[in-house]
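Here is the structure we will look at.
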Amino acid sequence: MTLAHRLLLKWARTLHVYLTLFGFVLLLFFAVTGFMLNHEDWFSPSEPIRHQTTGKIPITLLGEKPNRLAIVEVLRKDFAAQGELNSIQDEKEEEPITLIFKAPGRFSEATIQREDGDTIVSHETRGFVGLFLDLHRGKDSGLAWSFVIDGVSILFVIVAITGLILWSSLRSRAQYGIVVMLLGLAIGLAVYFAYVPR
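Sequence positions in the sequence shown follow my numbering and run 191 to 388.
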């Protein structure tokens, strides 16, 4: 075994062990939520939990050019609107102002009457299961979480490659490893071609 090969194995072992430990909780999270996502009907309630919050938005914030920032703050503080502001419709003066907030596992829609400030906020939540599944999908979870998903994906690739490098050092069992790897590939392809609709 050459010095370069020994160094490669040393670095592969170090990366494999410590990156696996570093990402263990997230790897486990995505594995479990992947199973949950594949069987969503087992874990998710058939209907989300819905409720409404009613009240008034001060008329001074409405008018021809509504104060969007102040309206959002009031909705968050007094009407329990949560999540990122996804959209706002306030262009047509004859129609109510509508704001939609989205977050993993939850959704809120606020409807504000311009003439008197009457406000109804409809909330919809799918509990912890909805939260976990939306985090797995990266749905309504923001840019920072999308970087986490990218990082975990890269982590999977590095752990797989370093695992292959370490496996290559097991000379006596190398041929069995190739058979096992090809068997896994063959089963996946067989299921795809035999059972997956195309």
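From the three backbone atoms N, C-alpha and C, an ideal C-beta is built for every residue, glycine too.
- Looking at the DSSP output, leucine 289 bridges to Ile278, Ala300.
- Inter-residue distance for methionine 371 and serine 277 is about 48 Å (C-alpha atoms, whole angstroms).
- Taken in chain order, the complete beta strand (DSSP E) segments of 3 residues or longer contained in the stretch 208-283 are 239-246, 274-279.
- Counting along the chain, the unbroken beta strand (DSSP E) around serine 312 starts and ends at 308-315.
- It is roughly 38 Å from the alpha-carbon of leucine 197 to the alpha-carbon of arginine 327.
- In the pairwise beta carbon analysis, the stretch 288-308 is classified as touching the stretch 259-275: at least three pairs are separated by under 8 Å.
- Under the three-state reduction of DSSP, aspartate 330 is assigned to coil, being neither helix nor strand.
- Cβ-Cβ distances below 8 Å link valine 338 to Leu216 in the same chain, with the five nearest sequence neighbours on each side left out; the list follows chain order.
- Counting of Cβ neighbours within 10 angstroms places threonine 288 among the exposed residues, the total staying below 16.
- Each of Ser312, Leu205, Phe346 was checked against the Cα of phenylalanine 219, and the nearest Cα belongs to Phe346.
- Threonine 352 carries a helical assignment under DSSP once its states are collapsed to helix, strand and coil.
- Cβ-Cβ distances below 6 Å link aspartate 280 to Pro256, Ile287 in the same chain, with the five nearest sequence neighbours on each side left out; the list follows chain order.
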